[in-house]
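Below: one structure, written as structure tokens.
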Amino acid sequence: MPISITIRSVPDEVRDELAARAARSGRSLQEYLVHELTRIAGKRTVDDVIDSIRRRAEHFPPLDREAVADMIARSRE
């Protein structure tokens with residue numbers, strides 16, 4: 015079930031810009047903000063992506079410079 019969110023102390027110029035964007039998109043300010051919040055919530059953050067990469071990297075053995083140099087040398091043979 016949807017809930018209400020209140021945001022206080024929004025500067026006038028921010029409200030005006032959001033209202034203008036809403037109008038350009040053919041939405042009310044309320045509809046525009048719900049759409050934008052839904053879009054933002056659906057995106058992965060950089061921190062989420064980094065955490066995911068780190069979790070996957072835990073399944074691979076660590077590599078040192080010598081191991082990497084050996085792999086490169088073998089690939090060139």
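According to this note's numbering, the sequence shown is numbered sequentially starting from 15. Idealized CB from N, CA, C, for every residue including glycine. Computed from a predicted model, the values in this text were never measured in an experiment.
| Check | Outcome |
| --- | --- |
| Taking 7 Å as the limit between beta carbons, can you name the residues of its chain near A33, skipping five residues before and five after? | L43 |
| Are the CB atoms of A55 and Y46 within a distance shorter than 8 Å? | no |
| Please report how far the alpha carbon of S89 lies from the alpha carbon of T59, in whole angstroms. | 36 Å |
| Let's see if you can read the secondary structure: which residues bound the alpha helix (DSSP H) around I64? | V60 to A71 |
| Output yes or no for whether 8 Å exceeds the beta carbon distance between R8 and H49. | Outside the displayed span of the chain (15 to 91) sits residue 8, for which this structure offers no information. |
| For E72, collect the residues of the same chain with a Cβ closer than 8 Å to its Cβ; drop the 5 residues on either side in sequence, then sort them by chain order. | none |
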